[in-house]
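Note sheet for the following structure.
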Amino acid sequence: MQSVTANCVIRDRAVLKNGETFFENKRAGLGEFLLALYQYLGLNYPRFYKMDALSKLGWLATEVLLKDSFKAEDYKPEDVGIVLANANSSFDTDIKYFETVKEIPSPSLFVYTLPSIMIGEICIRNNFKGESAFFVSQRYDADFVEQYVRGLMDENGLRACIFGWVDLLGEAGEAEIFLLEKKMGSA
Amino acid sequence: MTDIFIVSDNILSPLGVTTAENFSQLRLGVSGVRRHEDAAMSVEPFYAALFDREHFKQVGSGPQSSDASLDKFTKFELLLIASITDALRNSGIAAIDSKTIFILSTTKGNISLLETGANDPALADRVSLHGSARRLAEYFGFVNRPVVVSNACISGIVAMLTARRLIRSGQYEHAVVAGADMITKFILSGFQAFQAVSAGPCKPFDKTRDGINLGEGAASVILSSNAKYSSGIKLMGGSVSNDANHLSAPSRTGEELSYAITRSLEEAHLSAADIDLISAHGTATVYNDEMEARAISLAHLSSVPLNSLKGYYGHTLGAAGLIESIATLQSLREGIVLPSLGFSEMGVSGPLNICTELLSTPLKTCLKTASGFGGCNAALVLGKS
Chain A
1 MQSVTANCVI RDRAVLKNGE TFFENKRAGL GEFLLALYQY LGLNYPRFYK
51 MDALSKLGWL ATEVLLKDSF KAEDYKPEDV GIVLANANSS FDTDIKYFET
101 VKEIPSPSLF VYTLPSIMIG EICIRNNFKG ESAFFVSQRY DADFVEQYVR
151 GLMDENGLRA CIFGWVDLLG EAGEAEIFLL EKKMGSA
Chain B
1001 MTDIFIVSDN ILSPLGVTTA ENFSQLRLGV SGVRRHEDAA MSVEPFYAAL
1051 FDREHFKQVG SGPQSSDASL DKFTKFELLL IASITDALRN SGIAAIDSKT
1101 IFILSTTKGN ISLLETGAND PALADRVSLH GSARRLAEYF GFVNRPVVVS
1151 NACISGIVAM LTARRLIRSG QYEHAVVAGA DMITKFILSG FQAFQAVSAG
1201 PCKPFDKTRD GINLGEGAAS VILSSNAKYS SGIKLMGGSV SNDANHLSAP
1251 SRTGEELSYA ITRSLEEAHL SAADIDLISA HGTATVYNDE MEARAISLAH
1301 LSSVPLNSLK GYYGHTLGAA GLIESIATLQ SLREGIVLPS LGFSEMGVSG
1351 PLNICTELLS TPLKTCLKTA SGFGGCNAAL VLGKS
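Top to bottom, those sequences are chains A and B.
Everything in the first sequence is counted per my numbering, starting at 1 for the first residue and increasing by one.
Everything in the second sequence is counted per my numbering, starting at 1001 for the first residue and increasing by one.
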């Protein structure tokens, strides 16, 4: 039995967890908002400061999604996968990286010029090692992504999967992600 | 169980414009990697496998030379048009069939426009990967909304596995999977900043390997669940995993790639002993090749003949998984094991059975692997049907 056990939406500088407001900072710029959310979560994860804005957004959305909703001890690393999509790929960081090429190309920015790096960041944080994929589409194609993820659960060994949309360009950032879990018969 | 058949394929690279042309060059040991001096790309000379300008004149004035609609396409898109056109030719598969899905694999698409264009909203649209996919879909008349895979250096394999999965789910009967990347200053400068580019031709798995060569190319493969279109090869299975360790350095143990390999074999209902050939990622960076060697050993595949095709093509990024899978399925068809160009002395904690000369031998099944930034790994199994 597969079911969506949690969701997280970040939009218009507000965070919703399972439909309820988790955090908001309406007047902040995007970078300020992401930092404020990180601080609100009370985490000590120095890697966060190295991430590009897209990875920060996807990573924070995942932190909120999993908080109090996901029991890591129920799963092996290979059981958990991630399938994400967006419209702007890593273009926000591509622009920033290419600015550095005019002076000294920055390897620490270059590594973020791939949208799937966000998946790597989430995997590193949570020790997830299962199937993953990154798709690019103009708008979120929920039917496509959900069917793909359910296929991974049925045929490719996943028992849980984080999936959804994480898009960012300039001051516009939006995430809508879900946790799908295969539940064994519970008491 | 739905079998997924390879219908037709194309490699468009500096070595040739069809799979057959490419394979005949590979058999002769010809490499596309050359030394380039181009101040617009790099202050230092560099080794890479690039198309020359003459090639783009040919691409631009190909069979559809009278077609003014080609004017609106970038070089990246023109490569894909030429590659897909060749793969569709005589395949029996129609782009306009509602049971056909188009899947595009690329890492950076039209990023070169960032180097020349003004940074405005129109640029964001022109650079967008879904925009390229939409224009290509319109050109060929694909009726379903295309799928774009952008998954670092495993994109090509993920695209083929996505095709397999979409067909097996019953959503489509055929898939046209195409991939390409251009080597631009954007990409070259980044790999140079990582100190990842070799000072000479790359040497996968060799003791003196010191980095990658980049390469340009496009490739297409058409897949179908309908056996009547089969060219005699099946995509038998495949899997993806993540190291969960580091963004730019691979796993120390190779355990995670090994897991993807093992799951791919399970999906194909094969054991390690059934694999006749491994086409490795083999980028010729110190860490990638060592990780791969460990993964292959963990998967009990150390004795299987293995090559990396990076010595011929360089690292073609979003096209790599496709180009190398297609060259490998051509190996299956022709019963030819290609030598791993650039290798002379074992430079990884082996044992590995690295091919050093061309072998003629019957081949039934092969394994293709890839890994990339973000700690991603992928594997797939091809076999004669």
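Cβ coordinates follow ideal geometry from the N, Cα and C atoms, glycine included.
Min CB distance residue i to chain A below 8 Å
i                : result
C1376 of chain B : yes
A1048 of chain B : no
G1282 of chain B : no
N1151 of chain B : yes
H1315 of chain B : no
S1198 of chain B : no
V1158 of chain B : yes
S1241 of chain B : yes
G1390 of chain B : Residue 1390 of chain B lies beyond the residue range present for chain B, which begins at 1001 and ends at 1385; the question has no answer from this structure.
F1142 of chain B : no
H1174 of chain B : no
Y1287 of chain B : no
E1216 of chain B : no
A1193 of chain B : yes
S1371 of chain B : no
H1130 of chain B : yes
A1119 of chain B : Correcting the residue identity first, residue 1119 of chain B is Asn in this sequence and not Ala. Yes, N1119 of chain B lies at the interface with chain A (some Cβ there is under 8 Å from its Cβ).
E1256 of chain B : yes
I1096 of chain B : no
Y1229 of chain B : no
Y1259 of chain B : yes
A1244 of chain B : yes
Limits of the alpha helix (DSSP H) - the one that residue i falls within
i                : result
Y1312 of chain B : 1310-1313
A1246 of chain B : At residue 1246 of chain B the sequence reads His, which differs from the Ala that was named. Looking at the DSSP string, H1246 of chain B is not in any alpha helix (DSSP H), and its letter there is neither H nor E.
D154 of chain A  : 142-155
A1159 of chain B : 1155-1168
R125 of chain A  : 117-126
L109 of chain A  : 107-110
R1263 of chain B : 1255-1267
Q1192 of chain B : 1185-1193
Residue i: first and last residue of the uninterrupted beta strand (DSSP E) it sits in
i                : result
Y1047 of chain B : 1046-1049
G81 of chain A   : 80-86
S1013 of chain B : First-last for S1013 of chain B: undefined, no H or E at that position.
S1220 of chain B : 1217-1224
I177 of chain A  : 172-182
I1275 of chain B : Taken as a continuous stretch (DSSP letters only), I1275 of chain B belongs to no beta strand (DSSP E), as it is neither H nor E.
S1377 of chain B : Here residue 1377 of chain B is Asn; the residue named in the question, Ser, does not match the sequence. N1377 of chain B -> beta strand (DSSP E) spans 1376-1384.
L1322 of chain B : Counting along the chain, L1322 of chain B falls outside any beta strand (DSSP E), though it belongs to the alpha helix (DSSP H) covering 1320-1334.
R1035 of chain B : 1034-1036
Proximity test, Cβ basis, 8 Å: residue i and chain B
i               : result
D94 of chain A  : yes
F70 of chain A  : no
C123 of chain A : yes
L60 of chain A  : no
P107 of chain A : yes
E174 of chain A : no
I162 of chain A : no
E78 of chain A  : yes
T21 of chain A  : no
K182 of chain A : no
L179 of chain A : no
CB-CB length for residue i against residue j, believed under 8 Å
i                : j                : result
G1335 of chain B : P1362 of chain B : 5 Å
V1177 of chain B : C1376 of chain B : That belief does not hold up - the Cβ atoms of V1177 of chain B and C1376 of chain B are roughly 18 Å apart, past 8 Å.
I1261 of chain B : A1295 of chain B : 7 Å
A72 of chain A   : V136 of chain A  : Rounded, the Cβ-Cβ distance is 29 Å, inconsistent with contact.
C123 of chain A  : A1244 of chain B : 4 Å
F134 of chain A  : V145 of chain A  : So it is not a contact: roughly 11 Å between Cβ atoms.
K1364 of chain B : S1279 of chain B : No, K1364 of chain B and S1279 of chain B are not in contact; Cβ-Cβ is about 15 Å, not under 8 Å.
A1379 of chain B : S1303 of chain B : That belief does not hold up - the Cβ atoms of A1379 of chain B and S1303 of chain B are roughly 18 Å apart, past 8 Å.
V83 of chain A   : V149 of chain A  : 5 Å
G1347 of chain B : S1031 of chain B : Actually they are not in contact, since the Cβ atoms of G1347 of chain B and S1031 of chain B sit about 19 Å apart, beyond 8 Å.
Counting beta carbon pairs with one atom in the segment 1158-1176 of chain B and one in the segment 1115-1132 of chain B, are three or more of them shorter than 8 Å? no
Pick out the complete alpha helix (DSSP H) segments inside the segment 1072-1099 of chain B, 4 residues or longer, and give them in chain order. 1075-1088
Counting Cβ pairs closer than 8 Å, one from the segment 137-155 of chain A and one from the segment 101-109 of chain A, do we hit at least three? no
How about the segment 1317-1325 of chain B and the segment 1149-1160 of chain B: do they share at least three Cβ pairs that are nearer than 8 Å? yes
Between the segment 1201-1212 of chain B and the segment 1333-1342 of chain B, can you find at least three pairs of beta-carbon atoms closer than 8 Å? yes
Scan the segment 1099-1143 of chain B and note each continuous alpha helix (DSSP H) run of 4 residues or more that stays entirely inside, going in chain order. 1112-1116, 1121-1127, 1129-1140
For the segment 26-86 of chain A, list the alpha helix (DSSP H) runs that are entirely contained and at least 4 residues long, ordered along the chain. 30-40, 53-66
Contact the segment 8-17 of chain A vs the segment 63-72 of chain A: 3+ CB pairs below 8 Å: yes
Pairing CB atoms from the segment 1172-1192 of chain B with CB atoms from the segment 1214-1223 of chain B, are three or more of them under 8 Å? yes
Counting beta carbon pairs with one atom in the segment 1134-1146 of chain B and one in the segment 1096-1107 of chain B, are three or more of them shorter than 8 Å? yes
Decide yes or no for the touch test of the segment 1036-1055 of chain B against the segment 1194-1201 of chain B: beta carbon pairs closer than 8 Å, at least 3 of them. yes
Is the number of C-beta pairs between the segment 1275-1288 of chain B and the segment 1230-1240 of chain B that are closer than 8 Å three or more? no
Contact the segment 1320-1332 of chain B vs the segment 1013-1022 of chain B: 3+ CB pairs below 8 Å: yes
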